[in-house]
Amino acid sequence: MRRLQLYVLQDDLLMYFVFNMLDIIQSISSIGFQEILFTIGVVVSAIGLAVSAIFSFNDISSIFKHLKFRNASLILLLAIIFVFLMFEFTVIKSTQRVFFDDVIYQSQALYLIRTGQAVMCNYGTPFNCFTDYMFHEPIGTAFNIAIGYAIFGINQAAAYNLQLALATLSILIVFFISFLLFKDHNAALFSAAFFALSPTLLVWAKPVTSDLEMMFYAALSIFFMIIFTYKKNIRTLSAFAFSIVLLTYMKINALIYLFLLPLLFIIIDGGSIVKSIKDNIHRFIMFFKNNNTMNMLLVLFLVIGLMPELFFSYNELTTAPFGYENAQVQYSCSAGVITPHSKFSAEYFIANLCTNLYFWLDKFRSQGIFQPVLFTAFSISGAVMMAVYKRRIFLMIALWFLAIFISYTAFYAGAVTYGSDWRFMLGLIIQASILAGFCAAGILKFVKYLMR
Numbered sequence: 170m171r172r173l174q175l176y177v178l179q180d181d182l183l184m185y186f187v188f189n190m191l192d193i194i195q196s197i198s199s200i201g202f203q204e205i206l207f208t209i210g211v212v213v214s215a216i217g218l219a220v221s222a223i224f225s226f227n228d229i230s231s232i233f234k235h236l237k238f239r240n241a242s243l244i245l246l247l248a249i250i251f252v253f254l255m256f257e258f259t260v261i262k263s264t265q266r267v268f269f270d271d272v273i274y275q276s277q278a279l280y281l282i283r284t285g286q287a288v289m290c291n292y293g294t295p296f297n298c299f300t301d302y303m304f305h306e307p308i309g310t311a312f313n314i315a316i317g318y319a320i321f322g323i324n325q326a327a328a329y330n331l332q333l334a335l336a337t338l339s340i341l342i343v344f345f346i347s348f349l350l351f352k353d354h355n356a357a358l359f360s361a362a363f364f365a366l367s368p369t370l371l372v373w374a375k376p377v378t379s380d381l382e383m384m385f386y387a388a389l390s391i392f393f394m395i396i397f398t399y400k401k402n403i404r405t406l407s408a409f410a411f412s413i414v415l416l417t418y419m420k421i422n423a424l425i426y427l428f429l430l431p432l433l434f435i436i437i438d439g440g441s442i443v444k445s446i447k448d449n450i451h452r453f454i455m456f457f458k459n460n461n462t463m464n465m466l467l468v469l470f471l472v473i474g475l476m477p478e479l480f481f482s483y484n485e486l487t488t489a490p491f492g493y494e495n496a497q498v499q500y501s502c503s504a505g506v507i508t509p510h511s512k513f514s515a516e517y518f519i520a521n522l523c524t525n526l527y528f529w530l531d532k533f534r535s536q537g538i539f540q541p542v543l544f545t546a547f548s549i550s551g552a553v554m555m556a557v558y559k560r561r562i563f564l565m566i567a568l569w570f571l572a573i574f575i576s577y578t579a580f581y582a583g584a585v586t587y588g589s590d591w592r593f594m595l596g597l598i599i600q601a602s603i604l605a606g607f608c609a610a611g612i613l614k615f616v617k618y619l620m621r
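Here my numbering is used: the first residue of the sequence shown is 170, the next is one more, and so on.
Right under this line is the structure:
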């Protein structure tokens, strides 16, 4: 009798799912459920990166010991950071809410920390939202601000100071990236100095924008990528992989790094590029062929972390207009305007190209957009020197720079003079700083040679 009742219950449940399948699918695809998956994805990625970084600490320490890293350089680095912070607190006029996005990210963070869902709330209370929808950018920025709220309390100062903290940490990461690339303390210090004193970073260090988050996590991913070239094990691989996944949550166009970072890794890895491709294909096959528990757990958590972002980004890139309706794109190399018909286009790239090149010649100072010509001269000279003496590194940095520059310029709003959009140059200023730092170190080395 009990078995018969069980069969009847199973049949009832089956019929319920069959007749209510449409409602179930609709509920699964609701904003609330998507945001919960989104939150799970970013939390898994963040925890994965934190745990991997902790377990990789000994590997990272041994690399720096092998490269004979001098702790005295950190004192000079602290001096550079101190100068940066003095500029921020005494010279730069802190301007908030340059975009409405600033308010959106802080509101998302508020609901994320209280409900677990980083929604844009259209109508509700500080503790409950009655009408909400999803923003066209991922929740990475809101997630970072939520961490600031959790540590320092829910207030605007926590959000702005968190942005400043990320900008400050970026200086540290640029220093380490440069040192790992060139094994030269002077090049690392000069790179950090150029970066810390760049007007782009100084102006955009405090406003809440997703571009600063994307810059910080891109630098972090590059750092772990280089670490992985030195020591290839499950710990450093996990740190590199989770840093990429977490990076994709910062901004829609950060998806480009899913393809860009593996290419940069192949370029910078040991031996010729052909040998690097062969070796890494072999490692990839062996990774799955070994089929051990740690490898499969890593794959599982990476999938859990990445898939919500991939589905969200695909939906936004194919359906969301990103505000191009009723906009106009001004030709910068000639007269005329374009009425946008899509988010990205080769036509927009041509229209925005001259404006974005003029930025590096400091042509828009009168509009409050700064890029010292001397900085650009050092960067260009560093690129030339690097192409001669450090070809693989030059190729890596050039590809990194061009990929971001082209994808940004091909966006309908991808000109530095479009509104206040020169914040997008945060995605390029690290590469320029590393090139400039290499040039300055080379000049210093030459001067020392002449003075012997």
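Where is the CB? At the ideal position from N, CA and C, for every residue including glycine.
Between which two residues does the beta strand (DSSP E) harbouring residue i extend?
i, result
"M289", "289-293"
For residue i, list the residues DSSP reports as bridge partners.
i, result
"F363", "BP columns for F363 are empty, so no partner."
"I507", "V498"
"T300", "Y292"
"F233", "Partner(s): none; F233 has no beta bridge."
"F580", "F513"
Is it buried or exposed for residue i, if we count other Cβ within 10 angstroms and need 16 for buried?
i, result
"L466", "exposed"
"C502", "exposed"
"G505", "exposed"
"M620", "exposed"
"E494", "exposed"
"F253", "buried"
"T417", "buried"
"A241", "exposed"
"S231", "exposed"
"H510", "exposed"
"L461", "Going by the sequence as given, residue 461 is Asn instead of Leu. Its Cβ having fewer than 16 others within 10 Å, N461 is exposed."
"T508", "exposed"
"T208", "buried"
Leaving aside the five residues before and after residue i along the sequence, list all residues of the same chain whose C-beta is less than 6 Å from its C-beta, in chain order.
i, result
"F539", "P368"
"T378", "R592"
"S225", "R404, T405, A408"
"I249", "A361, A362, A365"
"G583", "N521, Y577"
"L206", "P477"
"A357", "F344, S347, F348"
By the DSSP assignment, the alpha helix (DSSP H) with residue i in it spans what residues?
i, result
"R404", "403-417"
"M455", "442-459"
"I421", "Careful: I421 lies outside any alpha helix (DSSP H) and carries neither H nor E."
"T462", "462-488"
"S390", "379-399"
"T545", "542-558"
On the three-state DSSP scale, how would you describe residue i?
i, result
"F428", "helix"
"D228", "helix"
"Q152", "Only positions 170 to 621 of the chain appear in the structure, and residue 152 is not among them; the question remains open."
"T369", "helix"
"Q275", "helix"
"F615", "helix"
"F258", "helix"
"F253", "helix"
"I308", "coil"
"V343", "helix"
"M620", "coil"
"G439", "coil"
"D353", "coil"
"R283", "helix"
"T208", "helix"
"T524", "helix"
"I216", "helix"
"Y318", "helix"
"N240", "coil"
Just to check, is the beta-carbon of residue i closer than 8 Å to a non-hydrogen atom of the ligand PLP?
i, result
"W591", "As for the ligand PLP, it is missing from this structure, which has no ligand bound."
Who are the Cβ neighbours of residue i in its own chain at under 8 Å, not counting the five residues just before and after it?
i, result
"T398", "F434, I437, D438, G439"
"F544", "F363, S367, A601, A605"
"M289", "I273, S276, Q277, D301, Y302, M303, F304"
"D271", "Q265, P376, V377, T378"
"M555", "I562, F563, I566, L604, F607"
"Y426", "A387, S390, I413, L416, T417"
Output needed for residue i: all residues of its chain with C-beta closer than 7 Å, excluding positions within five of it in sequence on either side, in chain order.
i, result
"F392", "I342, F345, I346"
"I229", "I396"
"S221", "R404, S407, A408, F411"
"A609", "F359, F547"
"N652", "With the chain running from 170 to 621 in the structure shown, residue 652 is simply not present."
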